[in-house]
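Asker:
Number of protein chains: 4
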Amino acid sequence: MKNQRISSELISENNEAALKHLQEDYDHLSTVLSRQNIDIEAVTTQAQAFEIAVPSWGVGTGGTRFARFPGIGEPRNVFEKLEDCAVINQLSQCTGSVSPHFPWDKVDDFTELKAFSDSYGLQWDSINSNTFQDQADQALSYKYGSLTNTDAATREQAIAHNLECIEWGKQLGSNRLTVWVGDGSNHPGQQHFQHSFERYLDSMKTIYSAIPDDWELHIEHKMFEPAFYSTVVQDWGSNILAAMELGDKAKSLVDLGHHAPNVNIEMIVSRLIQFKKLGGFHFNDSKYGDDDLDSGSIHPYQQFLIFNELVDAEARGQEGFNPSYMLDQSHNVTDPIESLINSAIEVQRSYIKALIVDRAALSDCQERNDALMASNTLKQAFNLDVSPILAMARYRQGGAINPLQTYRQSQYRAQVAEVRPSVAGSGSGIV
Amino acid sequence: MKNQRISSELISENNEAALKHLQEDYDHLSTVLSRQNIDIEAVTTQAQAFEIAVPSWGVGTGGTRFARFPGIGEPRNVFEKLEDCAVINQLSQCTGSVSPHFPWDKVDDFTELKAFSDSYGLQWDSINSNTFQDQADQALSYKYGSLTNTDAATREQAIAHNLECIEWGKQLGSNRLTVWVGDGSNHPGQQHFQHSFERYLDSMKTIYSAIPDDWELHIEHKMFEPAFYSTVVQDWGSNILAAMELGDKAKSLVDLGHHAPNVNIEMIVSRLIQFKKLGGFHFNDSKYGDDDLDSGSIHPYQQFLIFNELVDAEARGQEGFNPSYMLDQSHNVTDPIESLINSAIEVQRSYIKALIVDRAALSDCQERNDALMASNTLKQAFNLDVSPILAMARYRQGGAINPLQTYRQSQYRAQVAEVRPSVAGSGSGIV
Amino acid sequence: MKNQRISSELISENNEAALKHLQEDYDHLSTVLSRQNIDIEAVTTQAQAFEIAVPSWGVGTGGTRFARFPGIGEPRNVFEKLEDCAVINQLSQCTGSVSPHFPWDKVDDFTELKAFSDSYGLQWDSINSNTFQDQADQALSYKYGSLTNTDAATREQAIAHNLECIEWGKQLGSNRLTVWVGDGSNHPGQQHFQHSFERYLDSMKTIYSAIPDDWELHIEHKMFEPAFYSTVVQDWGSNILAAMELGDKAKSLVDLGHHAPNVNIEMIVSRLIQFKKLGGFHFNDSKYGDDDLDSGSIHPYQQFLIFNELVDAEARGQEGFNPSYMLDQSHNVTDPIESLINSAIEVQRSYIKALIVDRAALSDCQERNDALMASNTLKQAFNLDVSPILAMARYRQGGAINPLQTYRQSQYRAQVAEVRPSVAGSGSGIV
Amino acid sequence: MKNQRISSELISENNEAALKHLQEDYDHLSTVLSRQNIDIEAVTTQAQAFEIAVPSWGVGTGGTRFARFPGIGEPRNVFEKLEDCAVINQLSQCTGSVSPHFPWDKVDDFTELKAFSDSYGLQWDSINSNTFQDQADQALSYKYGSLTNTDAATREQAIAHNLECIEWGKQLGSNRLTVWVGDGSNHPGQQHFQHSFERYLDSMKTIYSAIPDDWELHIEHKMFEPAFYSTVVQDWGSNILAAMELGDKAKSLVDLGHHAPNVNIEMIVSRLIQFKKLGGFHFNDSKYGDDDLDSGSIHPYQQFLIFNELVDAEARGQEGFNPSYMLDQSHNVTDPIESLINSAIEVQRSYIKALIVDRAALSDCQERNDALMASNTLKQAFNLDVSPILAMARYRQGGAINPLQTYRQSQYRAQVAEVRPSVAGSGSGIV
């Protein structure tokens with residue numbers, strides 16, 4: 001029996017009150033979908049199966065280089081982060097795994113940590129190593145790079161950290177390592193582009209050789225920040241070349257906020273699928289840079305178009321297609337639990353909308369170059385309000401029909417604030 | 001007699017060694033300029049008169065939301081910052097004033113602070129208020145805005161801080177207040193755009209009413225960060241409208257990193273000049289966002305084109321034209337003193353190049369629509385290496401011909417590191 | 001009795017077949033809206049009242065500088081363009097006016113033209129002048145500018161054209177002139193920014209003085225293209241300053257594709273509303289530059305957020321608020337009639353969604369800084385599928401429930417192709 | 001003895017008048033460089049060896065989708081284009097080859113064309129195929145794509161054109177084919193990204209198989225335009241993957257205007273060098289999109305940084321490094337001959353500045369992470385005015401010290417205008 005942070009009575013009460021309208025809406029949606037020969041139950045089953053991981057650092061209030069404005073009841077360590085993640089999954093029923101970040105989430109006894117996460121029914125998603133900050137006990141600084149540092153000893157220190165991450169991940173039952181580095185330069189000439197990338201590839205080869213056979217190594221690219229003139233893995237081009245150099249277990253990870261302005265991200269997703277190198281996603285949204293806003297809050301249609309590629313690849317049985325999904329957001333002005341619940345559902349929403357795209361009609365339009373009807377075929381699915389499917393999927397699994405309403409009624413935040421005193425420099429890093 | 005942080009003997013020695021080559025180059029440049037009927041001495045005199053302020057916070061190592069990697073010997077308070085600023089001015093001879101940031105630079109006794117800056121021959125440039133961070137002793141939080149907060153008491157607290165900044169500025173002999181706020185939103189719908197801007201204007205009117213008659217109030221716009229969906233003064237359009245609403249003492253300040261991608265900043269400068277609202281600049285450079293890189297390190301030609309507008313306005317005797325110049329950079333991977341010396345000279349370089357543009361020829365090309373020759377007229381000035389003029393201007397005022405070389409030989413950083421122990425959370429904010 | 005291009009029998013037949021499902025969906029939507037105390041009939045009435053103009057040049061196939069690929073049956077003159085516009089309005093019932101472009105649409109007898117448009121029940125929207133191309137019979141070239149040309153005679157020629165546009169507009173019953181110029185520069189230095197803008201303002205003052213008292217003069221800004229270094233009215237800042245200089249009848253027009261990357265257009269709309277200078281819109285969509293894609297096809301949420309501002313201003317009874325709407329798109333790969341029908345409905349869709357936003361709840365969230373619920377309040381309206389309201393509004397006015405399906409069945413394009421032979425250089429300009 | 005379009009007496013006269021000042025400046029520059037142990041004569045020799053091709057279509061006035069404003073004396077066919085190219089090379093002495101564009105430059109007798117180009121001492125650079133326009137005699141339209149068209153016959157037609165380009169190229173003595181296609185989509189859903197790229201690769205494999213062993217096949221990517229939602233080879237990532245699929249003779253070509261905003265192009269150049277896939281360049285400059293402005297007119301420092309990568313690769317003896325250079329610009333407001341002369345020299349300027357970078361010092365700074373001095377090492381070379389080297393290189397080869405001045409004095413444009421009457425639709429396409 002799983003531990004539960006929110007009273008199941010409260011959830012049931014709220015659900016009871018909402019069920020009548022939900023059932024009405026669900027029934028009508030069933031009618032609408034049946035006109036397109038879509039069985040709503042099949043879609044709801046897929047909604048129930050949808051999973052997106054939550055990052056452990058996401059449950060703390062984020063910040064910018066200018067300031068961080070923490071909320072109350074912030075988690076102070078990985079155990080309290082797991083408690084918050086359990087709330088998110090209990091209400092949303094689609095975030096059953098947590099992605100840890102080391103050394104932030106390092107503990108003395110990983111068996112204890114695993115038992116704790118098990119008690120909440122949470123799995124461990126991809127392990128994130130951190131060589132973009134200096135830790136208090138660290139011998140050599142990453143000020144001028146980690147895996148690409150011109151100093152061999154510094155590179156080895158960074159490699160060693162990734163190796164220990166793999167070991168900790170094994171203890172937690174994870175099967176992936178995600179490597180994002182802040183390495184780059186702020187001045188033209190500061191780094192030799194080619195030598196720097198060669199050092200990166202060398203370091204990554206050592207890490208790759210420690211990756212277990214049933215794991216994947218995910219490479220994350222980013223255009224800029226924290227480096228502001230060049231970043232070593234700046235785009236999907238450098239990313240896929242690195243993944244190809246390393247081998248089959250290496251794949252590319254797409255963070256939606258890590259691209260140049262105007263870039264067609266859904267097309268990049270297609271290319272990575274085609275070349276069997278799409279590892280997974282860090283979902284978030286952005287208007288300007290790597291804003292790390294809530295998924296789907298700015299460009300919901302773009303998110304849908306990305307899922308259109310994913311569902312299409314699945315439908316085509318594209319070889320080697322098995323991406324993993326994670327949220328990676330910075331919650332600066334909201335309760336992180338609320339944002340993560342809401343964002344997980346927004347990603348799920350895009351998935352469900354992509355599922356009901358009439359692929360035969362779309363394919364026919366593409367073949368005939370009927371551009372407008374192709375566009376409208378996508379829009380028809382996007383315009384449909386699939387909220388009843390999402391709510392029903394939650395309800396049937398014991399989650400909340402109206403998760404934010406239920407969360408607020410639970411007074412969870414106020415309750416944890418009583419046992420989690422505010423401290424300057426909380427357990428969550430400013431990312 | 002001014003205090004001096006760097007031994008004048010060292011400066012002299014180095015200058016002696018460099019003078020022969022400098023004189024050769026200066027003489028040849030004189031010949032080249034005389035072919036265009038330009039008297040090099042007149043230009044050198046203008047180079048000597050050029051001044052650009054240094055921000056007090058610029059002498060600390062900057063950082064990003066991901067990390068800050070401090071150097072050794074970081075200044076711990078405004079007095080030590082002034083010491084470093086004195087070094088910059090002693091070697092560059094063009095940074096005779098310092099722009100303070102409150103409450104970071106707040107002291108109990110401003111008379112003492114003024115006497116200290118006087119001892120180094122430093123003036124106080126524009127005062128910067130800070131309502132984008134919460135201070136330890138602050139009653140109300142700026143998490144959801146300061147001058148635009150929906151809560152009247154919070155707005156009043158922010159206004160009051162600006163009023164005290166004016167008072168402190170008077171004591172320091174400043175004559176300007178620069179207001180930049182981080183107010184904005186991260187979610188569509190979070191703020192009512194119009195009501196928010198109305199509250200901003202109301203708050204600013206109160207501040208404006210306290211601005212002495214011989215002061216200016218500078219408004220700084222920024223596209224994004226720390227707010228990632230909307231910022232209350234997001235561009236020069238909102239900026240100039242606010243300045244027009246407030247009155248003659250209110251002007252717009254241009255930070256080069258605060259614009260949308262691809263925007264023609266020199267044209268914005270021209271518009272502000274035309275409408276008599278150009279207050280001044282925060283100089284820096286950037287490739288992606290508000291990167292706060294060293295001035296001229298990425299887009300030196302853009303910097304020159306901006307000065308082309310400034311020198312043109314000066315030459316035309318444009319009414320109300322009197323902008324102030326300041327550096328505003330984040331030095332994450334360099335010694336801040338080195339970057340500030342170098343950047344001040346890079347801005348000065350653009351100014352000097354703009355001075356030697358053949359304006360009669362340019363004007364003639366413009367009249368005849370001779371686009372290529374107009375472009376080449378600018379390029380001819382830009383291509384000329386005016387380093388000898390810059391070096392001679394420094395030399396004649398007691399500065400260093402090769403300021404970075406002299407600074408490094410002085411061992412200044414190592415010396416201050418002995419008396420300034422490294423502390424977590426230094427006196428410099430992460431901006 | 002209006003002329004009709006599409007058989008009303010065909011429309012009726014198709015509508016009959018679609019009505020049952022529409023009624024089911026409409027009834028369910030009525031139920032959903034009634035839970036929010038919204039009367040669907042009131043919304044449908046507003047949908048019926050919604051109008052957006054069609055540009056005469058939009059019914060020809062567009063192109064790029066690289067090529068134009070015309071379709072069959074392209075209209076060869078303004079009369080045939082009106083025929084196509086009549087089809088669009090007959091099926092969509094929301095495009096009752098046409099915006100002409102002179103001299104493209106110039107005729108010898110405007111009375112005849114007016115009678116022709118009257119026969120189809122079409123009104124004449126804003127007049128567009130053209131000084132960005134040289135016409136065959138033109139004395140002086142606009143190669144180096146029109147209203148800003150350094151040559152006074154060329155400026156006068158451009159002014160005279162605008163004056164004749166006003167006269168023609170009077171004869172057609174229009175009440176607006178929209179001025180967009182391609183004036184600008186391709187080289188730094190080519191133009192003196194300030195003198196160029198001064199010439200622009202001078203020219204516009206002469207035009208403004210000819211604007212009838214019950215007309216408006218709309219100024220259109222654009223970041224770039226056809227000029228690639230600077231454009232004289234490059235953004236809303238220059239636009240509103242020009243409008244303020246000219247007077248109350250001058251207002252700013254927003255084309256969605258004319259902004260820098262990442263710019264928050266809905267915020268610009270709010271600013272123009274606040275300062276009583278929002279004249280109207282050219283709707284289209286874009287991913288990269290001024291792509292002139294079909295409205296809502298790329299960023300439907302942004303279009304909704306813009307209408308959120310418009311509906312809010314209307315609801316607040318904002319003084320001086322009365323913007324006009326027009327489509328301005330380039331249909332390079334679709335049948336222009338289809339794209340314009342579809343796009344008009346997509347804009348109408350955003351309007352209807354904005355109407356059902358719970359403004360009291362939104363305002364409350366804004367007051368309490370409940371960022372997530374504010375965002376969700378908007379999203380709730382956006383997520384709702386209002387297609388039944390749009391279809392019912394068309395149906396009740398005699399339009400088509402499924403306008404594209406009906407259009408295709410009508411074989412209109414093939415029919416006009418028989419009487420409109422393909423000619424190189426059709427009556428539609430390449431825009 | 002080569003034919004010459006400009007009187008060599010005029011060139012000599014002008015050079016005589018300019019030589020004294022040039023020699024003074026050259027001598028002083030020699031002194032300055034010798035302090036850095038650089039022999040100016042070695043650099044001048046490399047300047048003399050520098051070559052950049054001119055595109056045949058570049059000598060006609062360009063335009064935009066809005067308008068084209070032709071000048072007088074426009075070339076009407078490839079022979080007249082060659083005459084203009086001969087002028088450019090005669091004066092600049094660095095543009096000894098011409099890149100043709102088929103079918104625009106197609107002739108009945110290629111032997112005659114070759115003899116004509118030989119008479120001016122001009123070589124034939126890379127062949128450009130054109131499948132982005134429909135030609136009058138063309139069976140199938142490229143409206144919906146060429147090499148990626150869903151219709152096999154259309155793809156075959158496009159392939160066949162590339163094959164005939166290769167044959168024509170052989171007759172002209174060329175050894176490269178450059179393939180740029182406008183294929184893409186304007187609507188989400190219009191094309192299946194993966195299937196479209198698969199068709200592209202299939203078509204290219206057929207073309208590749210016809211590439212002679214001593215030729216290269218260059219692939220050109222472009223972010224957008226003429227397609228505005230997606231382009232089949234949208235960035236260097238897709239480009240290099242295609243080149244890798246095809247084989248060793250296939251390489252990637254970089255056009256400076258074909259990237260997303262803010263992208264670090266010099267880093268892309270480095271990556272292509274590292275992976276042995278840098279084929280060559282289309283040089284131009286831009287501020288917003290693919291503006292095709294004169295090389296170095298907007299971002300001269302970026303151009304220098306690109307050459308810094310090229311010279312570094314050459315210095316390192318990087319395997320497989322042998323890129324070709326070409327100008328690809330659209331001259332809308334200048335005399336194309338003037339712009340091409342000027343631009344060729346601006347590219348040469350960047351090359352020469354990159355040659356005098358102190359690579360040992362730079363490498364040392366990189367090793368020690370001395371970011372500021374690394375940046376300054378580049379800046380020192382960039383700031384130096386190398387105009388005397390460029391002028392001397394021209395002078396020594398019989399070119400003009402002041403090529404634009406000499407060109408204007410020659411009255412060439414007025415002379416050809418007499419024999420080349422203005423015609424609507426000149427021989428130069430609107431690109």
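Protein chains in written order, with the numbering used here: chain A, 1 to 431; chain B, 1 to 431; chain C, 1 to 431; chain D, 1 to 431. Virtual Cβ for every residue (Gly too), placed ideally from N, Cα, C. Being a predicted model, the structure only gives us computed values, none of them experimental.
(1) Taking the alpha-carbon positions, what's the C/Trp124 to C/Leu172 distance?
(2) Rounded to the nearest angstrom, what separates A/Tyr301 and B/Ala47 at their Cα positions?
(3) Using beta carbons (cut-off 8 Å, strictly below), is D/Pro300 in contact with chain B?
(4) Counting only runs of 4+ residues fully inside the region 264–288 of chain A, write out the alpha helix (DSSP H) ranges in chain order.
(5) Identify whether D/Val254 lies in helix, strand or coil by the three-state DSSP scheme.
(6) What are the residues that DSSP puts in a beta bridge with A/Pro55?
(7) Assuming the contact rule is C-beta atoms closer than 8 Å, B/Leu384 and D/Asp385 should be a hit. Round their C-beta distance to whole Å, please.
(8) So which residues on chain A does C/Pro261 lean against when the C-beta distance must stay under 7 Å?
(9) Can you list, in chain order, the stretches of the alpha helix (DSSP H) that have 4 or more residues and sit fully within the region 203–258 of chain B?
(10) At what residues does the alpha helix (DSSP H) containing A/Thr45 begin and finish?
(11) So, under 8 Å CB-CB, C/Ala250 and C/Thr95 are touching, yes? Tell me the CB distance rounded to an integer number of Å.
(12) So the alpha helix (DSSP H) D/Ile127 belongs to, where does it begin and stop?
(13) Could you say which of A/Lys143, A/Gln4 and A/Ile88 lies nearest to A/Asp335 if we only look at CA atoms?
(14) In whole angstroms, what separates the C-alpha of C/Ala381 from that of C/Asp84?
(15) At a CB-CB cut-off below 8 Å, which residues of chain D make contact with A/Glu156?
(16) Among B/Arg155, B/Ser97, B/Gln190 and B/Ile337, which one has its Cα closest to the Cα of B/Ile52?
(17) With distance defined between alpha-carbon atoms, name the residue in B/Pro421, B/Glu156, B/Lys143 and B/Phe307 nearest to B/Asp202.
(18) What are the partner residues of B/Met326, as DSSP defines its beta bridges?
(19) Using a C-beta cutoff of 8 Å, does B/Ser428 count as contacting chain A?
(20) List the endpoints of the continuous alpha helix (DSSP H) containing B/Val347.
(21) Return the first residue and the last residue of the beta strand (DSSP E) that A/Val179 is part of.
(22) Give a yes or no on whether the minimum CB-CB distance between B/Asn15 and chain D is below 8 Å.
(23) Do you know how far the Cα of B/Arg65 is from the Cα of B/Val431?
(24) For the ligand COA, is there a heavy atom less than 7 Å away from the beta-carbon of B/Asp370?
(25) Would you verify that the beta carbon of C/Val431 is, or is not, closer than 8 Å to some beta carbon of chain B?
(26) Report the rounded CA-to-CA distance for B/Glu164 versus A/Leu246, giving the unit in angstroms.
Answerer: So, from the listed chains and residues:
(1) Translated into the one-based positions of the third sequence, residue 124 of chain C becomes position 124. Translated into the one-based positions of the third sequence, residue 172 of chain C becomes position 172. Rounded to the nearest angstrom, the two C-alpha atoms are 6 Å apart.
(2) As a first step, residue 301 of chain A is located in the first sequence; it is residue number 301 there, counting from the start. As a first step, residue 47 of chain B is located in the second sequence; it is residue number 47 there, counting from the start. Those two C-alpha atoms are separated by around 54 Å.
(3) Reading the fourth sequence from its first residue, position 300 is the one you call residue 300 of chain D. Output row for D/Pro300: interface = yes.
(4) 265–274
(5) Counting from one through the fourth sequence, the residue named residue 254 of chain D turns up at place 254. Three-state result, D/Val254: strand.
(6) As a working note, residue 55 of chain A is residue 55 in the first sequence. Answer by DSSP bridge pairing, in chain order: A/Ser99.
(7) By one-based count along the second sequence, residue 384 of chain B stands at place 384. By one-based count along the fourth sequence, residue 385 of chain D stands at place 385. At roughly 5 Å, the Cβ-Cβ gap stays under 8 Å, so B/Leu384 and D/Asp385 are in contact.
(8) Within the third sequence, numbered from 1, the residue matching residue 261 of chain C stands at position 261. Neighbours of C/Pro261 on chain A, chain order: Pro261 and Asn262.
(9) 236–246
(10) Here residue 45 of chain A refers to the residue found at position 45 when the first sequence is read from its first residue. Element bounds for A/Thr45: Ile40 to Ala49.
(11) In the third sequence, the residue the question calls residue 250 of chain C occupies position 250. In the third sequence, the residue the question calls residue 95 of chain C occupies position 95. In fact, because the Cβ distance is near 26 Å, the residues do not count as touching under 8 Å.
(12) What you label residue 127 of chain D is simply residue 127 of the fourth sequence in a count that begins at 1. Here D/Ile127 belongs to no alpha helix (DSSP H); instead the beta strand (DSSP E) covers Ile127 to Ser129.
(13) Taking the first residue of the first sequence as 1, we reach residue 335 of chain A at position 335. Out of A/Lys143, A/Gln4 and A/Ile88, A/Ile88 has the C-alpha closest to the C-alpha of A/Asp335.
(14) For the purposes of this step, residue 381 of chain C is identified with residue 381 of the third sequence, where counting begins at 1. For the purposes of this step, residue 84 of chain C is identified with residue 84 of the third sequence, where counting begins at 1. About 33 Å.
(15) Taking the first sequence and counting its residues from 1, the one referred to as residue 156 of chain A is at position 156. By Cβ distance, chain D contributes nothing, its closest Cβ being about 17 Å from A/Glu156, past 8 Å.
(16) Translated into the one-based positions of the second sequence, residue 52 of chain B becomes position 52. For the residues B/Arg155, B/Ser97, B/Gln190 and B/Ile337, the minimum Cα distance to B/Ile52 belongs to B/Ser97.
(17) The residue labelled residue 202 of chain B in the question sits at position 202 within the second sequence. Out of B/Pro421, B/Glu156, B/Lys143 and B/Phe307, B/Glu156 has the C-alpha closest to the C-alpha of B/Asp202.
(18) In the second sequence, counting from the first residue as 1, residue 326 of chain B sits at position 326. BP columns for B/Met326 point to B/Ala53 and B/His282.
(19) As a first step, residue 428 of chain B is located in the second sequence; it is residue number 428 there, counting from the start. A caution first: B/Ser428 carries a pLDDT of 38, below 50, which makes its placement in the model unreliable, though a value can still be read off. No, its Cβ sits nowhere closer than 8 Å to a Cβ of chain A.
(20) Indexing the second sequence from 1 puts residue 347 of chain B at position 347. B/Val347 -> alpha helix (DSSP H) spans Pro336 to Leu355.
(21) Residue 179 of chain A sits at position 179 when you count from the first residue of the first sequence. That run of the beta strand (DSSP E) goes Arg176 to Val179.
(22) Here residue 15 of chain B refers to the residue found at position 15 when the second sequence is read from its first residue. No, no contact with chain D.
(23) As a working note, residue 431 of chain B is residue 431 in the second sequence. As a working note, residue 65 of chain B is residue 65 in the second sequence. Because the pLDDT of B/Val431 is 40, which lies under 50, any placement of that residue in the model is unreliable, and the question is left without a value.
(24) Ligands are entirely absent from the displayed structure, and the ligand COA is therefore not among its contents.
(25) Locating residue 431 of chain C in the third sequence gives position 431, where the first residue counts as 1. Only weak support exists for where C/Val431 lies, its pLDDT of 39 falling under 50; the value from the coordinates is given anyway. Answer no: the Cβ-Cβ gap between C/Val431 and chain B never drops below 8 Å.
(26) Within the second sequence, numbered from 1, the residue matching residue 164 of chain B stands at position 164. Within the first sequence, numbered from 1, the residue matching residue 246 of chain A stands at position 246. Distance between the alpha carbons of B/Glu164 and A/Leu246: 59 Å.
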